[in-house]
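Taking mature numbering (1 follows the signal peptide of the UniProt record, and there is no 0), I'd label the letters of the sequence shown as residues -24 to -1, 1 to 429.
This report concerns only the one structure given below.
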Amino acid sequence: MKKLIVGITLAALTVGGFSQPVQAGIPFFGADDEKPTLAPMLEEVTPAVVNIAVKGKREVRQRVPDALRFFFGPNAPSERVQERPFSGLGSGVIIDAEKGYVVTNNHVIDDATEIVVTLKNGREYDAKLVGRDEQSDIALLQIEDAENLTDIEIGRSSDLRVGDFVVAIGNPFGLGQTVTSGIVSALSRANLGIEELENFIQTDAAINSGNSGGALVTLDGKLIGINTAILGPNGGNIGIGFAIPSDMMRNLVQQLIEFGEVRRGVLGVRGNDLNSDIADALDISVSEGAFVAEVVPDSAADKAGIQSGDVIVAVNDDEIASFQELGALVSTLGSGTEVELELIRDGERQEVNVILDSKDTETSAQSIHPALEGATLEADGSQAGIIITDVEPGSPAARIGLEKNDIIKGANRQPINTLGDLREAIDNAGDVVALSIQRGNSVRYLMLRNPAS
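Right, dumping it as structure tokens:
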């Protein structure tokens, strides 16, 4: 904090006086004590940040000891399923005072049957779930019968730069509303294994358990992120926290309000981050972007004329740094949305308008292989592999060891990108199908016996 105060003080002196703000969004100096402070901004913003308390029941699975299974016979279940009550605490942000809309994290309200929102002034209200998106960890609540709420202005996270000052507001450890400050440490963080769709703002503002769903704001009080996760031992803060960008959140919330669900858009390209080797080979001067290695036939990208070898550098005038960022942005836009892409082809910049497709989804995997029955498979074309979005307890898919959020990356050493790829690989396999499964940061193999052989 000393370094922050010194920096602000010097900046204030250059504009001529302790009684004036440095510039829009920089802390004011009080006329009496001449001390830098964030208090005026926080007095306006903190009433829009709420505490969330939830209650519900969750299934708990326990393995039945072999001795008991032997006692009850060969048909005894291998595990026991029980429902146990739970309670939890988190944070949320009011984004529409008139309609009572509150944004939080999906993991804060997951499986909750009772949701209570507590305002800064202590008033408590019941809230209902409007909709949620598990892949991005966003949920939208609505406060019932509330009056005189305060909402927060949503800023553009795409305008952020590394080094910008930010403030985190939430309810850590159930202590009540707490404010911490820091800077933007990094942008477009992905491949962390936290969520399926990752495009995080990284900050060193202290974020702890209970801050989830709270606000990350700029010094002029605009919401630019929803605090979501931390990297640290035992859930403690070590100065590495992550927030969902406000641009991404806004796109998702609009769909949740309109449809009650996210209708994900699909571009239909595969590729990787632009690196120096690719840039040198293509003789282009840019150092960041999404390199298109393949265009899915008949996809939105194909129809718009995007070609293999193109480098996508911006989406709707917002520059992108990586292929993962492109995938996260496209996936949060609704199907049917028209998107303007800026790309580089043969060393020249071009603009292409694309109308996004809907996601390629199969609700049942039984038709692909009997052992996959009970798993929900999704392939959206924005990343390699097929996502397991759900696994029914006790189903064949659960018994072979598949889990929610697993990604099928290959079958019999063949890369898998679409449901058609998977079906073809299984149909062409012999007696055994070897599935390559990515789970978090690890890779494992599942062996399936092919009944058709």
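C-beta: ideal position from N, C-alpha, C; glycine also.
Local conformation of residue i per DSSP, three classes
{"i": "Ile260", "result": "coil"}
{"i": "Ala(-13)", "result": "Note on Ala(-13): pLDDT 35, under 50, position unreliable in the model; no value is reported."}
{"i": "Asp121", "result": "coil"}
{"i": "Arg137", "result": "coil"}
{"i": "Val229", "result": "helix"}
{"i": "Pro(-4)", "result": "The pLDDT assigned to Pro(-4) is 39, lower than 50, so where the model puts this residue is not dependable; a value taken from the coordinates is nonetheless given after this. The answer is coil: DSSP assigns Pro(-4) none of H, G, I, E or B."}
{"i": "Gln390", "result": "strand"}
{"i": "Gln283", "result": "coil"}
{"i": "Val272", "result": "coil"}
{"i": "Gln153", "result": "coil"}
{"i": "Ile220", "result": "strand"}
{"i": "Val238", "result": "coil"}
{"i": "Thr204", "result": "strand"}
{"i": "Arg425", "result": "strand"}
{"i": "Glu74", "result": "coil"}
{"i": "Gly190", "result": "coil"}
{"i": "Ala374", "result": "helix"}
{"i": "Val419", "result": "strand"}
{"i": "Ala277", "result": "helix"}
{"i": "Gly6", "result": "Legend: pLDDT at Gly6 = 48, less than 50; position of this residue unreliable, value from coordinates given subsequently. DSSP places Gly6 in coil when its eight states are reduced to three."}
{"i": "Asp403", "result": "helix"}
Cβ-Cβ separation, residue j to residue i (assumed contact under 8 Å), whole Å
{"i": "Ile202", "j": "Gly189", "result": "6 Å"}
{"i": "Val287", "j": "Gly244", "result": "Actually they are not in contact, since the Cβ atoms of Val287 and Gly244 sit about 16 Å apart, beyond 8 Å."}
{"i": "Ser311", "j": "Asp333", "result": "6 Å"}
{"i": "Ala374", "j": "Leu348", "result": "Not quite, the Cβ-Cβ distance comes to about 11 Å (not below 8 Å), so this is no contact."}
{"i": "Ala144", "j": "Thr194", "result": "So it is not a contact: roughly 12 Å between Cβ atoms."}
{"i": "Pro113", "j": "Asn81", "result": "It is worth fixing the name first, because residue 113 is Asp in this sequence and not Pro. Their Cβ separation, rounded to whole angstroms, is 5 Å, which keeps Asp113 and Asn81 in contact under 8 Å."}
{"i": "Arg165", "j": "Phe235", "result": "Their Cβ separation, rounded to whole angstroms, is 28 Å, which puts Arg165 and Phe235 out of contact at 8 Å."}
{"i": "Leu228", "j": "Ile177", "result": "Not really, about 15 Å apart at Cβ, beyond 8 Å."}
{"i": "Gly323", "j": "Asp253", "result": "Not really, about 17 Å apart at Cβ, beyond 8 Å."}
{"i": "Gln111", "j": "Lys75", "result": "Incorrect: roughly 25 Å between the Cβ atoms, too far for contact."}
{"i": "Ala73", "j": "Tyr101", "result": "Rounded, the Cβ-Cβ distance is 13 Å, inconsistent with contact."}
{"i": "Lys385", "j": "Ala360", "result": "7 Å"}
Selection from the options that minimises the alpha carbon distance to residue i
{"i": "Ala290", "options": "Lys33, Leu302 and Lys31", "result": "Leu302"}
{"i": "Ala266", "options": "Phe235, Ile220, Ile320 and Pro273", "result": "Ile320"}
{"i": "Gly208", "options": "Ile183, Leu228 and Leu232", "result": "Ile183"}
{"i": "Thr89", "options": "Glu316, Leu151 and Arg60", "result": "Arg60"}
{"i": "Asn329", "options": "Ala360, Leu305 and Gly281", "result": "Gly281"}
{"i": "Ile216", "options": "Asp223, Ser222, Thr204 and Asn227", "result": "Thr204"}
{"i": "Ala115", "options": "Leu422, Gln58, Ala351 and Glu237", "result": "Glu237"}
{"i": "Lys96", "options": "Ile214, Phe299, Thr394 and Glu20", "result": "Glu20"}
{"i": "Gly66", "options": "Thr94, Gln58, Asp72 and Ala73", "result": "Thr94"}
{"i": "Tyr421", "options": "Ser371, Ile233, Gly377 and Ser222", "result": "Gly377"}
{"i": "Arg415", "options": "Ile233, Glu172, Glu368 and Ile220", "result": "Glu172"}
{"i": "Val315", "options": "Gln118, Ile214, Val155 and Gly241", "result": "Gly241"}
{"i": "Asn27", "options": "Gly76, Leu258 and Gly98", "result": "Gly98"}
{"i": "His345", "options": "Leu317, Leu105 and Ala401", "result": "Ala401"}
{"i": "Ile214", "options": "Ser185, Leu192 and Val92", "result": "Ser185"}
Opposing strand residues paired with residue i [DSSP bridges]
{"i": "Val25", "result": "Val69"}
{"i": "Arg60", "result": "Arg34"}
{"i": "Asp249", "result": "Ala266"}
{"i": "Arg325", "result": "Ile320"}
{"i": "Ala351", "result": "Val367"}
{"i": "Ile159", "result": "Phe141"}
{"i": "Met17", "result": "Its beta-bridge partners do not exist; DSSP assigns none."}
{"i": "Glu90", "result": "Lys31"}
{"i": "Thr80", "result": "Ala115"}
{"i": "Leu105", "result": "Leu117"}
{"i": "Thr179", "result": "Val160 and Gly217"}
Per-residue burial, residue i [other beta carbons within 10 Å of its own, 16 or more giving buried]
{"i": "Asn251", "result": "exposed"}
{"i": "Val419", "result": "exposed"}
{"i": "Asn124", "result": "exposed"}
{"i": "Met225", "result": "buried"}
{"i": "Lys33", "result": "exposed"}
{"i": "Arg108", "result": "buried"}
{"i": "Met17", "result": "buried"}
{"i": "Thr339", "result": "At Thr339 the pLDDT is 39, less than 50, meaning the model places this residue with poor confidence; the figure from the coordinates comes in the next sentence. By the neighbour-count rule (16 or more Cβ atoms within 10 Å), Thr339 is not buried but exposed."}
{"i": "Leu151", "result": "exposed"}
{"i": "Val(-19)", "result": "Because Val(-19) carries a pLDDT of 31, less than 50, the predicted location of this residue cannot be relied on, and no value is offered for it."}
{"i": "Gly247", "result": "buried"}
{"i": "Ser412", "result": "buried"}
{"i": "Lys198", "result": "buried"}
{"i": "Phe141", "result": "buried"}
{"i": "Asn187", "result": "buried"}
{"i": "Val262", "result": "exposed"}
{"i": "Val138", "result": "exposed"}
{"i": "Pro221", "result": "buried"}
{"i": "Asn393", "result": "buried"}
{"i": "Pro369", "result": "exposed"}
{"i": "Gln283", "result": "exposed"}
{"i": "Gln326", "result": "exposed"}
Residue-level contact to chain D via CB, residue i, 8 Å cutoff
{"i": "Gly350", "result": "No chain D is present in this structure, which holds just one protein chain."}
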